[in-house]
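If you read the sequence shown in numbering that gives the first Met the number 0, its first letter stands for residue 0, the second for the next number, and so on.
One structure is given below, encoded as structure tokens.
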Amino acid sequence: MGVKPEPELRIVERPWRASLAVHPQVVEACSLASLQIRGPSVKRLGVTSAIRGEGRSAVALAMAVVQQR
């Protein structure tokens, strides 16, 4: 029995877009919230939650998408 050679790994360049990683409804909700907190003039924003799994990362990504626009 011979040893099978491992397939060669390749790095594939794909641009990652936060706007594709978050549901459009979340981005829309964050857009409205952003307007209530001075919109584009916000330099820093923290997203917190008391309960695990509530979606802090999704909200943070959506807010970043909104700020990028």
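Just so you know, even glycine gets a beta-carbon here, dropped at the ideal spot from N, CA and C.
In this text the structure is predicted, and so the values were computed from the model without any measurement.
Expected contact under 8 Å - CB spacing of residue i and residue j to nearest Å
i	j	result
V11	V58	Contact doesn't hold; Cβ gap of about 29 Å is too wide.
Neighbourhood of residue i by C-beta distance below 8 Å, restricted to the same chain and skipping five residues each side
i	result
A28	A61
Same chain, Cβ closer than 6 Å to residue i, neighbours up to 5 away in sequence not counted
i	result
V46	R55, V58 and A59
V65	C29, S30 and S33
As assigned by DSSP and simplified to three states, the class of residue i
i	result
S40	helix
E27	helix
A17	helix
L34	helix
A49	coil
L60	helix
V11	coil
Residue nearest to residue i in terms of C-alpha spacing, selected from the options
i	options	result
P39	A49, S18, V21 and A63	A63
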